[in-house]
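**Student:** The structure follows.
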Amino acid sequence: MSQWQLGHKFVRLGSAMLLSILPTVLAAIAVPQMSPPRSSNITAQSFLKNKQYAQYAEALKSGASSGDQQCEDALASLYFDGRILAKNRPLALKIWAAQITKGYAPAMLHLAMSSDNPKDKKNVALYAKLSKQKAPYNLYGLAMMSAYVKKNPADATKYLKQAGDAGLREARLTLAHLLYDGDVLPKDLKRARTLAQQSANQADLDSMLLLAEMQMYGIGGEKECETCLQTLHALAEQNVAEAENRLGHAYRSGICVFKDIKESIKWLSRAAERNYPPALNELADIYGEGDGVQQDYEKSFAFDSRSATQPQANGRVDAISASQYNLGLRYENGQGVQKDLVKARACYEKAAQLNNPHACNNLQNMCRFGYGGPKQPERCDALLKKGVANGCWMACVNLGRQYLDGTPNGKRNIPEAIKLFKRSLELRPENADANYYLGLIYRNEIKDKNHDQIARQYFEQAIKYDCTYAIRYLGTESIISIKSPIPPPAHQSKYVDYKINQSQARFFISVPKDKPCKGDYGLIVYLDTTDRYVDLPSGWPQVLNQNGFIYICPQNAGNDTPPPKRAGLAVLAAQEAMRRYKIDTAKIFIAGTCGSARQCSKVAINQSDLFRGTIQSFGSNYFRSIKKAETSLEKDDQTMDVFEASPEEIASARQKVRFALIGNSDLKERQYVRIVYQEGFLKDGFNARFFEQKSPDGSDCSGEVLQEVLNFL
């Protein structure tokens, strides 16, 4: 059986050339007991040997109805695993429970192994009963009592080895899994693989499944992709859902095969026909993410709904709980279904009851703020701790923040906060939040000779994962004002307002902590679409730090501000930065997005003696008319927005300024940026380049594109 695999996301898969030994494998599954087979079972085995699977199942049913315990046990195994007969785990459990009342040891063993939690009270009671049976079942019971009650790994290992040597295949399999997982016994992957190989050589299916997983990923030995794939295809051709699911996952992830989403969906769909929860769950993920297919939230919701409603006894509880959690996300965000916080909370409740760690975290948030139901702050702490215990990285962060802040009881616990944030990083290394809070702790709470260096390392990691808050701790970030009057630049354009009340001007500025190792700072003056902007665009902090650029953003210079005043504030921002820091005058650029990007081309042309480059994300105006008809957007002769510039300014900008225009040709309303680039800047001989970025309308360019732009500028 595959019950011991339930703690893993995907079921473990087989060994080589399984088709040739399938009857032996099925016999090993169906007849695990040590006593000689009775006549009914002998009849069944003859059908199995001749691959007459329907007759084999009927023979087992006939033997079971006459009270043959071996046939009953074999029949229960078929129902439990869903092989040959339709999966019916409740019926399998009922058969085993009835056999236990008659003192049948194999049924005690199989019922114990059918549990998701090997250490719960019911299982412990079965282990105690097993320990009083005849050998080798008593050895298995003693081993499990040693592992989960007496907490004695040495005795557990000893008894399992003895039981395996006596011919109890489940003992060798259990020992291999415990050594593989490392939760009860010390992890020993090499030995686990050896044990799995030994059992697999005896046609033990579950051992083949464990061995194949280790072969596929190179665990405990070399990767053996060809062997794994032969096994998976052999099992999948026999309609084994676990194998079909694993093939689907392999083709989706490119594990041991070339990535092929169509082939992945083919195998996953076959497993989904039998309502196998992990396959339904992964299909929901594929369509929800649009992974190689058109994104379809409704289809994703349908697959998750099927998985979530599978009977727990008939399916993988981890996959069922994941689907319940995903349904909660869909209801909470209105993806593929109408937004409904009440239903979202109900789904999170069900998933949390099944120990889904992320559902525990999301449910505590809804309980804390009263989303989808009443406020229940008294539940939050327990839910977070449950999420932490079951491996939710965000629950670790949220509980760590409580210990850091001293909420809700006012008692701070810095060591516990550190432990939780570090645990969060173990669960999710690409984790901005945990890195940021660890940086804060080492900066503000811990004082030793290395604390500044450690804090910096954490902040750098946080910035790497787009945490803009961390930038302020690597450099200086603040709102500044002009302390003494700044005279206008040498060139005064009649299209720029220089009569701004400088005493009221404010600028958000971010400066790298370490001065560039080569030369002076670069400078980016950023015009935002809003009047107040005190942050950096996502993905920019690390790029600016690496390239040694100061970032300054004038306040009260949004889209509603008259263009001449916006230009004047941009000039003042550059001049104030130059007065405070040593700036390389060849690296002064102006940047903006959408409406602000339109102003960048104007300011750079009007003031080319100051600005030597533009970074224009999804927007651009021009100093002469460009027909909309040329953009293929409209068929009239209306022109695009035009700004004023003198012939001398245009000639100077053509010589001094580089223009970086960033657009997305997939967005109809942003196609004109490329046209302005082609029909304007290029046609008129400007030093310009177009950068394509597939991103939502209105967003800034990414950090990756920004680096490409800076390389050009």
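When we follow our numbering, the leftmost residue of the sequence shown carries the number -2, and every step to the right adds one.
Backbone N, C-alpha and C fix where the C-beta goes; we use that ideal spot for every residue, glycine too.
#1: From Arg671 to Glu423, what distance separates their C-alpha atoms?
#2: Write down the C-beta distance between Val654 and Arg609 rounded to the nearest angstrom, noting that I regard them as a contact closer than 8 Å.
#3: From the DSSP secondary-structure annotation, give me the bridge partner or partners of Leu520.
#4: Please report the straight-line C-alpha distance between Ile547 and Tyr368, rounded to a whole angstrom.
#5: Tell me whether Gln596 is buried or exposed, calling it buried when 16 or more other Cβ atoms sit within 10 Å of its Cβ.
#6: How big is the Cα-Cα spacing for Arg440 and Asp315?
#7: Taking a contact to mean a Cβ-Cβ separation below 8 Å, would you say Ala299 touches Gln321 in this structure?
#8: How about Cys253 and Leu232: are their beta carbons less than 8 Å apart?
#9: State whether the region 133 to 140 contacts the region 150 to 167, with contact taken as three or more CB pairs (one from each stretch) at a distance under 8 Å.
#10: Kindly indicate which three-state DSSP category Cys698 falls into: helix, strand or coil?
#11: Would you call Ala379 buried or exposed, if buried means 16 or more other Cβ atoms sit within 10 Å of its Cβ?
#12: Roughly how many whole angstroms lie between the Cα atoms of Asn684 and Phe656?
#13: How many angstroms separate the CA atom of Gly536 from the CA atom of Leu326?
#14: Could you tell me the distance, in whole angstroms, from the CA atom of Glu457 to the CA atom of Arg271?
#15: Identify which residue in Tyr156, Ala144, Ser204 has its Cα closest to the Cα of Gly179.
#16: Kindly indicate which three-state DSSP category Gln690 falls into: helix, strand or coil?
#17: When DSSP labels each residue in this structure, what does Ser475 get in the three-state scheme?
#18: Distance check for Glu375 and Tyr523, CA to CA, integer angstroms please.
#19: Would Tyr433 pass as a contact of Arg398 if the rule is Cβ separation under 8 Å?
#20: Are the Cβ atoms of Arg243 and Pro274 separated by less than 8 Å?
#21: Just how far apart, CA to CA, sit Gln704 and Ile612?
#22: Following the continuous alpha helix (DSSP H) through Gln227, name the residue where it begins and the one where it ends.
#23: Compute the distance between the beta-carbons of Tyr177 and Ala168, then report whether it is under 8 Å.
#24: Determine, using beta-carbon pairs with one atom in the region 554 to 574 and one in the region 601 to 608, whether at least three such pairs fall under 8 Å.
#25: Under DSSP, the beta strand (DSSP E) around Ala657 begins and ends at which residues?
#26: With distances taken between CB atoms, is the gap from Cys550 to Phe505 smaller than 8 Å?
#27: Tell me which same chain residues have a C-beta within less than 6 Å of the C-beta of Pro133, skipping the five on either side of it?
#28: Does the Cβ-Cβ distance between Glu641 and Tyr495 come in under 8 Å?
#29: How many angstroms separate the CA atom of Leu280 from the CA atom of Ser266?
#30: Give me the residue from Leu710, Asp517, Tyr669, Gln543 with the minimum Cα distance to Ala588.
#31: Taking the straight line between their C-alpha atoms, what separation do you get for Ala109 and Arg425?
#32: Can you name the start and end residues of the alpha helix (DSSP H) that Ser421 belongs to?
**Tutor:** On the basis of the data shown:
#1: 44 Å
#2: 6 Å
#3: Ile547, Ile585
#4: 42 Å
#5: buried
#6: 39 Å
#7: no
#8: no
#9: yes
#10: coil
#11: exposed
#12: 6 Å
#13: 26 Å
#14: 48 Å
#15: Ala144
#16: coil
#17: strand
#18: 46 Å
#19: no
#20: no
#21: 11 Å
#22: 222 to 234
#23: no
#24: yes
#25: 655 to 660
#26: yes
#27: Ala160, Ala163, Leu165
#28: no
#29: 8 Å
#30: Leu710
#31: 33 Å
#32: 411 to 424
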